[in-house]
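**Student:**
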Amino acid sequence: MNGPAPPRAQVPSLARRLVVGALIMLPLLVFWVGLPTIALEQLGNRGVSSSLGVATISAVGLLLAFLGAARYVAKPTRAYGPLEFLGAVAMSAYLLAIVPFANLHLSVGNSVDLTLNYAPLLELLAIIPAFAAAAALLTTVEDGLRPGERLPFDYPPRGTRAGP
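Numbering (the working numbering), first residue to last: -14 to 149.
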């Protein structure tokens, strides 16, 4: 006897996942593109300059927002793990790439020049996506060895409880 059949996952349709992915992308665009752009402009208006340009932040922000939305759309497929890994590595690489430019300069009059270096904070924050990349690698391996096994956990069947 093989025992009871495993529960079937209730995977949302591709159309629904695309709509939700687009809705996820909107706040990600605000977070990764809008807020940094506004912050740089406001700081610039107050005489604080940054080594980072708005075009650089916008381009990388668009990439990170797209990867975040694509990750949700691809969750029930084997592409989820690699997309999760790519997004985590991109975020970590972005944080580490801007470390040399992580300075804010404020000139007060002709005699005072203040510099704030926030590079150590960025280096610490880059650790978080590194853990996500490791988890994504494990998900990729699991999907390769046991396709579909995680789906009932990600998309529980109707009528079952999600918690203990």
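The beta-carbon is built from N, C-alpha and C at its ideal position, and this holds for glycine as well.
For Met(-14) and Ala75, I'd like the C-alpha separation in whole angstroms.
**Tutor:** Only weak support is given to the placement of Met(-14): the predicted model assigns it a pLDDT of 49, under 50, and the value that follows is read from those uncertain coordinates. So the alpha carbons of these two residues sit roughly 47 Å apart.
**Student:** Within the stretch -13 to 51, note down every full beta strand (DSSP E) run reaching 3 residues or more, in order along the chain.
**Tutor:** The stretch -13 to 51 contains these whole beta strand (DSSP E) runs: 33 to 35.
**Student:** Just to confirm the assignment, what range does the alpha helix (DSSP H) spanning Val93 have?
**Tutor:** From DSSP, Val93 is part of no alpha helix (DSSP H) but of the beta strand (DSSP E) over 88 to 93.
**Student:** Does DSSP put Thr100 in a helix, a strand or coil?
**Tutor:** strand
**Student:** For Ala121, which residues from the same chain have a beta carbon less than 7 Å from its beta carbon, with the 5 sequence-adjacent residues on both sides left out?
**Tutor:** Gly66, Glu69, Phe70, Ala73
**Student:** Using a Cβ-Cβ cut-off of 8 Å (strictly less than) and excluding sequence neighbours within five positions of Glu108, which residues of its own chain qualify?
**Tutor:** Leu80, Leu81, Val84
**Student:** Rounded to whole angstroms, what's the CA-CA distance from Ala118 to Gly133? Just pull it up for me.
**Tutor:** 20 Å
**Student:** Give the secondary structure of Gly133 by DSSP, where H, G and I count as helix, E and B as strand, and everything else as coil.
**Tutor:** coil
**Student:** So, Gly53 versus Ile9, is the Cβ gap smaller than 8 Å?
**Tutor:** yes
**Student:** Where does the unbroken alpha helix (DSSP H) through Tyr140 begin, and where does it stop?
**Tutor:** Element bounds for Tyr140: n/a, residue is neither H nor E.
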